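Heads up: the protein sequence lines correspond to chains G and L, in order.
The numbering of the first sequence is my numbering, which starts it at 187 and goes up by one.
The numbering of the second sequence is my numbering, which starts it at 16 and goes up by one.
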Amino acid sequence: MTERSETYFEDLEEGDAGPEYRVEDLTRTMFVKYAGASGDFNPMHHDDTVATKVGYPSVFGHGMFSAGVLSHYLTDWLGVGNLRAYGVRFKGQVYPGDTLRFGAKVTRKYKEEDEARVDCELSVTNQKDEVVLTGTATAALPSRG
Amino acid sequence: MADKSIVGTVMGSTTVPVERGKIREFATAILDDNPAYLEDPAPPAPPTFSMTQAFWPRKSDGPPPDLGLNYLRVLHGEQHFEYRKPIVAGDTITGTTKVADVYEKEGKRGGTMTFVVLETEWVNQDGDVALVSRNVLVETAKAAS
């Protein structure tokens with residue numbers, strides 16, 4: 187888990203990086219739990235027989251599993267209920283045994299609709315430094331006023 | 016191949032009762048142990064929770080419209096969310112999906128990739144739009160010959 191602490195608008199500057207967060211040694215069980223929770227039972231994510239038959243080395247994670255963990259990284263940092271927009275692009279597969287590194291950078295801070303907001307660029311990379319997912323987020327933060 | 020003529024096509028709607036147990040299960044599946052989700056009796060929905068719509072039936076006036084996509088070459092390319100109002104356990108949200116855009120890009124290895132944007136507007140029990148989600152499907156190019 188990343189540290190959960192209240193982040194204020196004044197705490198962040200453009201160019202600041204988000205906290206460090208890694209998930210080590212992904213397991214098939216994680217993918218199966220995500221399949222059960224989301225209802226996405228595409229066999230590519232839980233059935234090695236099917237995945238290897240079509241040429242993958244093994245099952246691979248749902249893109250929305252990685253996107254879900256990335257959203258949890260964001261809410262730990264910027265607060266539950268504070269996201270105004272969140273978007274991801276899927277760039278590569280995530281396999282059992284991979285270690286994922288979650289990262290963010292503040293690209294803009296501004297006031298809009300009476301809220302103090304930040305925009306961030308997001309990325310998820312694996313242990314080979316391959317980017318598996320990129321994204322963007324907008325959050326409204328509490329202000330010390 | 017999909018083309019602009021399908022823009023505006025309504026794909027149907029899905030009503031999702033937002034349940035505390037499902038929020039707990041979903042939060043756990045994205046490796047999140049935040050007490051905001053696990054201990055609050057009326058927890059908020061995590062940012063990507065609307066993906067659980069798969070558990071609820073899609074209602075439409077007829078069979079699913081044919082978008083002209085070759086699903087053997089279709090990938091989930093992007094996913095975007097705009098958060099307009101809080102969604103918490105006890106709410107009921109109804110999402111109506113339509114084709115919002117279709118566009119093409121040249122693939123890196125030659126051939127044309129087609130992007131189809133499916134936009135779902137989620138309305139809560141008070142009639143307010145609480146969430147807009149956009150699912151971008153990518154029909155990859157055929158191998159250049």
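The beta-carbon is built from N, C-alpha and C at its ideal position, and this holds for glycine as well.
For clarity, every value in this text was computed on a predicted model and none was experimentally measured.
Short Cβ contact (8 angstroms threshold) for residue i with residue j
i          : j          : result
Leu-319(G) : Val-304(G) : no
Trp-137(L) : Thr-107(L) : no
Ile-102(L) : Val-33(L)  : yes
Val-266(G) : Pro-59(L)  : yes
Tyr-220(G) : His-258(G) : no
Val-131(L) : Ala-57(L)  : no
Leu-212(G) : Val-310(G) : no
Val-144(L) : Arg-99(L)  : yes
Ala-223(G) : Ala-44(L)  : yes
Thr-261(G) : Pro-62(L)  : yes
Ile-38(L)  : Val-114(L) : no
Contact with chain L by residue i, beta-carbon distance below 8 angstroms
i          : result
Ser-329(G) : no
Thr-238(G) : no
Gly-289(G) : no
Phe-195(G) : no
Ala-253(G) : yes
Arg-208(G) : no
Ala-271(G) : yes
Met-230(G) : no
Arg-303(G) : no
Arg-190(G) : yes
Gly-283(G) : no
Val-266(G) : yes
Thr-213(G) : no
Closer than 8 angstroms at the beta carbon, the chain L residues around residue i
i          : result
Lys-219(G) : Thr-43 and Ala-44
Ser-257(G) : Ile-45, Pro-61, Pro-62 and Thr-63
DSSP state of residue i mapped onto helix, strand, coil
i          : result
His-95(L)  : strand
Asp-305(G) : strand
Tyr-86(L)  : helix
Pro-79(L)  : coil
Arg-270(G) : strand
Glu-200(G) : coil
Ser-160(L) : Note that Ser-160(L) scores 42 on pLDDT, short of 50, meaning its location in the model is unreliable; the coordinates nonetheless yield the value given after this. Residue state, collapsed to three classes: coil.
Asp-315(G) : coil
Tyr-281(G) : coil
Glu-154(L) : strand
Pro-56(L)  : coil
Within chain L, the residues that residue i reaches when beta carbons sit closer than 7 angstroms
i          : result
Val-317(G) : Under the 7 angstroms cutoff, chain L gives no residues; its nearest Cβ is about 14 angstroms from Val-317(G).
Interface residues of chain G facing residue i [CB-CB closer than 9 angstroms]
i         : result
Thr-67(L) : Ala-223, Ser-224 and Gly-225
Glu-40(L) : Lys-219, Gly-222 and Ala-223
Closer than 8 angstroms to chain G by CB, residue i
i          : result
Ala-51(L)  : yes
Ala-159(L) : Legend: pLDDT at Ala-159(L) = 45, less than 50; position of this residue unreliable, value from coordinates given subsequently. Chain G contact via Cβ: absent.
Gly-122(L) : no
Pro-101(L) : yes
Tyr-86(L)  : no
Thr-135(L) : no
Phe-96(L)  : yes
Which residues DSSP lists as bridging residue i, in chain order
i          : result
Glu-298(G) : Glu-301(G)
Arg-73(L)  : Thr-29(L)
Trp-137(L) : Gly-110(L) and Leu-146(L)
Glu-121(L) : Thr-127(L)
Ala-290(G) : Leu-308(G)
Arg-208(G) : Arg-287(G)
Partners in chain G for residue i, counting only beta-carbon separations shorter than 8 angstroms
i         : result
Gly-92(L) : Arg-275 and Phe-276
Interface partners of residue i on chain G, CB under 7 angstroms
i         : result
Phe-70(L) : Gly-225
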